[in-house]
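**Student:** First residue of the sequence shown: 726, per the numbering used here; consecutive thereafter.
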Amino acid sequence: MTSINDSARKIDRGDTAAGCPVELGDDGVWHVTGHAAGRAVLRSTGTVQAGLGVETVEKLPARIRRPVLYRDGPEHREHRRQTARFFTPRRVDEHYRDVMVRITEEQLGNLRRAGTADLSRLSFRLAVEVASAVVGLTESRPGLDQRLEQFFPEKFGRPGFTSIAGLRWFFRQNRQFLEIYLKDVRPAVRARRRQRRDDLISHLIDEGCRDGEILGEVITFAAAGMITTREFINLAAWHLFTDDVLRQRYREAAEPERFAILHELLRLEPVVGNLKRRTTAELELPAGDATVTVTVPAGALVDVAVSTANLDPAAVGERPAEVCPARPVESGVAPAGLSFGDGPHRCPGAHVAIQESDIFLTRLLDLPGVRMVQPPRVAIKPDISGYELRGLTVAANQA
726 MTSINDSARK
736 IDRGDTAAGC
746 PVELGDDGVW
756 HVTGHAAGRA
766 VLRSTGTVQA
776 GLGVETVEKL
786 PARIRRPVLY
796 RDGPEHREHR
806 RQTARFFTPR
816 RVDEHYRDVM
826 VRITEEQLGN
836 LRRAGTADLS
846 RLSFRLAVEV
856 ASAVVGLTES
866 RPGLDQRLEQ
876 FFPEKFGRPG
886 FTSIAGLRWF
896 FRQNRQFLEI
906 YLKDVRPAVR
916 ARRRQRRDDL
926 ISHLIDEGCR
936 DGEILGEVIT
946 FAAAGMITTR
956 EFINLAAWHL
966 FTDDVLRQRY
976 REAAEPERFA
986 ILHELLRLEP
996 VVGNLKRRTT
1006 AELELPAGDA
1016 TVTVTVPAGA
1026 LVDVAVSTAN
1036 LDPAAVGERP
1046 AEVCPARPVE
1056 SGVAPAGLSF
1066 GDGPHRCPGA
1076 HVAIQESDIF
1086 LTRLLDLPGV
1096 RMVQPPRVAI
1106 KPDISGYELR
1116 GLTVAANQA
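1. Given 8 Å as the limit, is there contact between the stretch 755-767 and the stretch 1051-1066, that is, 3 or more CB pairs closer than that?
2. Comparing alpha-carbon positions, which option in 932, 1039, 983 and 1115 lies nearest residue 803?
3. On a Cα-Cα basis, can you pick out the residue from 930, 735, 734 and 831 that is closest to residue 808?
4. Pull up the CB-CB distance for residue 936 and residue 911, whole angstroms please, since I reckon it's below 8 Å.
5. Would DSSP call residue 880 helix, strand or coil?
6. Considering only the alpha carbon of each residue, which of 992, 829 and 1072 lies closest to residue 1030?
7. Could you give the first and the last residue of the continuous alpha helix (DSSP H) run that contains residue 804?
8. When burial is assigned at 16 or more other CB atoms within 10 Å of the CB, is residue 1057 buried or exposed?
9. For the putative contact between residue 765 and residue 844, defined by C-beta atoms under 8 Å, what is the C-beta separation to the nearest angstrom?
10. Use the C-beta contact count for residue 970: other C-beta atoms within 10 angstroms, 16 or more gives buried, fewer gives exposed.
11. What are the partner residues of residue 999, as DSSP defines its beta bridges?
12. Does the separation of the CB atoms of residue 950 and residue 1109 fall below 8 Å?
13. Starting from the C-beta of residue 1049, find all residues in its chain whose C-beta is less than 7 Å away, skip the five residues before and the five after it, and write them out in chain order.
14. Is the distance from the Cβ of residue 812 to the Cβ of residue 1070 below 8 Å?
15. Hey, could you find the ends of the alpha helix (DSSP H) residue 1083 is sitting in?
16. Residues in the same chain with beta-carbon distance under 7 Å from residue 747, minus the five sequence neighbours each way, listed in chain order, please.
17. Report the option in 944, 948 and 850 whose CA atom is closest to the CA atom of residue 903.
18. Express the C-alpha separation of residue 805 and residue 849 in angstroms, rounding to a whole number.
19. Ends of the alpha helix (DSSP H) at residue 756?
20. For the stretch 857-867 against the stretch 906-922, do three or more pairs of beta-carbon atoms, one drawn from each stretch, fall closer than 8 Å, so that the two count as touching?
21. Given residue 773, which residues of its chain have a CB within under 7 Å of its CB, disregarding the five upstream and five downstream residues?
22. Based on the DSSP output, what are the partners of residue 1103 in its beta bridges?
23. What are the start and end residues of each continuous alpha helix (DSSP H) run of 4 or more residues lying completely inside the stretch 922-996, in chain order?
24. Which of the three DSSP states is assigned to residue 843 in this structure?
25. What are the residues that DSSP puts in a beta bridge with residue 775?
26. Starting from residue 1010, follow the beta strand (DSSP E) in both directions and report where the run begins and ends.
27. Quick check: what's the CA-CA separation for residue 895 versus residue 876?
28. In whole angstroms, give me the CA-to-CA distance for residue 726 and residue 995.
Take a look at the structure:
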């Protein structure tokens, strides 16, 4: 058992680093905690997405195109193949680096003028601007970050029609949904229907998507890209501000080593702690050494505990709960473990997230007198075991 007290982790999710890699729980869910088994689930073509609100999406009329996050099979693979060009390292450097630098400098300028700032607000502005450039939300009215903040609040109400609170939640979400469409998505779509550009919205228009379907993709991208990147930047800053040796190493390192540090922190503290799949056929999973397998039946719900699988010593080596950048890992194991997912649904924006995090953090740590004056408060979203960090306050010498 690995607890927060004997690991470098800041986030306590009650993870176990030992036990059966594949196990059927009393809840009828197959729980996967081994890295090899988790990777096999995520790479399998005999599974489909589960969780992440997919049950609600499945209730939509068949004529409505699902966002790519909720699709599987040949249609999903073809969409990923056609849009992969928006996320390559070369494209990130050529098309988005200038945006990352510009917004970072603007936000850190705000910090220096004020003397203190909430890091989650600074980093969210960066994540929103970068994701908007990739997607094509370049005609938005001012305030997109505030609209998204309200759409993905720190505390959600309980949905449904059985209480006043549920009704308020329903109408608030729909009002915010409409506001994002009118102020952000519709202007971008209209501009691109007149003249295509090299971005995701133009691609969706060429695929025949209607405005409502494009809105669904944009909201999905906001949740998958903007929100998670903001959380990781805050998590990485928290580690760097509280570890003098690691912070000094990060500041002195060249970009490849800085990336290795960020990947290691993400392996240790994945933003999304659990990923769920449902099997469409029997699935054989490794359950220990190469000679032992477990058969998961078709129609089963499988919960991959990413935050536990990332501590599997068989995959990431000795002392898996410590920060060890560029640690030697087994063949086929990603530097960040399963934190970006794997297989058909692996996060396409992985390099975007690491690049913008590095640009922001290197410039933040170079500010004169920069320091953390208040650690963040931590909340856990139980559906995905994801963390939300708010209130991390930083200070710097005023300009």
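Ideal Cβ placement from N, Cα and C applies to all residues, glycine included.
A quick note: this is a predicted structure, and the numbers were derived from the prediction, not measured.
**Tutor:** The short version:
1. Output reads yes: the stretch 1051-1066 touches the stretch 755-767.
2. With distances taken between Cα atoms, residue 803 lies closest to 932.
3. With distances taken between Cα atoms, residue 808 lies closest to 930.
4. Confirmed, about 6 Å.
5. Here the model assigns residue 880 a pLDDT of 46, short of 50, so the residue's position is not dependable, and the following value carries that caveat. If DSSP states are grouped into helix, strand and coil, residue 880 belongs with coil.
6. Looking at the Cα atoms, 992 is the closest of the given residues.
7. Residues 798-808.
8. Looking at its Cβ environment, which holds fewer than 16 other Cβ atoms inside 10 Å, residue 1057 is exposed.
9. The pair is not a contact, with the Cβ atoms about 37 Å apart (cut-off 8 Å).
10. Exposure of residue 970 is indicated by the presence of fewer than 16 other C-beta atoms within 10 angstroms of its C-beta.
11. Paired residues: 1030.
12. The answer is no: Cβ separation not under 8 Å.
13. Closer than 7 Å at the Cβ level, and outside the excluded window around residue 1049, lie 989.
14. Cβ distance not < 8 Å, so residue 812 and residue 1070 don't count as in contact.
15. 1075-1090 is the extent of the alpha helix (DSSP H) around residue 1083.
16. Cβ neighbours of residue 747 beyond the five flanking positions: 755, 757, 759, 762, 1010, 1012 and 1019.
17. It is 944.
18. One C-alpha to the other measures close to 26 Å.
19. Per DSSP, residue 756 lies in no alpha helix (DSSP H) segment; the continuous beta strand (DSSP E) that holds it begins and ends at 755-757.
20. As far as the Cβ criterion goes, the stretch 857-867 touches the stretch 906-922, which means the pair count is three or higher.
21. Cβ neighbours of residue 773 beyond the five flanking positions: 797, 1002, 1003 and 1005.
22. Answer by DSSP bridge pairing, in chain order: 1114.
23. You should have 925-931, 936-946, 953-966, 969-977 and 980-993.
24. DSSP places residue 843 in strand when its eight states are reduced to three.
25. According to DSSP, residue pairing for residue 775 in a beta bridge involves 1001.
26. Note, residue 1010: beta strand (DSSP E), 1008-1011.
27. Since pLDDT at residue 895 reaches only 48, below the 50 mark, its modelled position is unreliable, and the value read off the structure follows with that caveat. Between the alpha carbons of residue 895 and residue 876 lies a gap of roughly 11 Å.
28. Residue placement at residue 726 is poorly supported in this model, since its pLDDT is 35, which falls under 50; the coordinates are not used for a value here.
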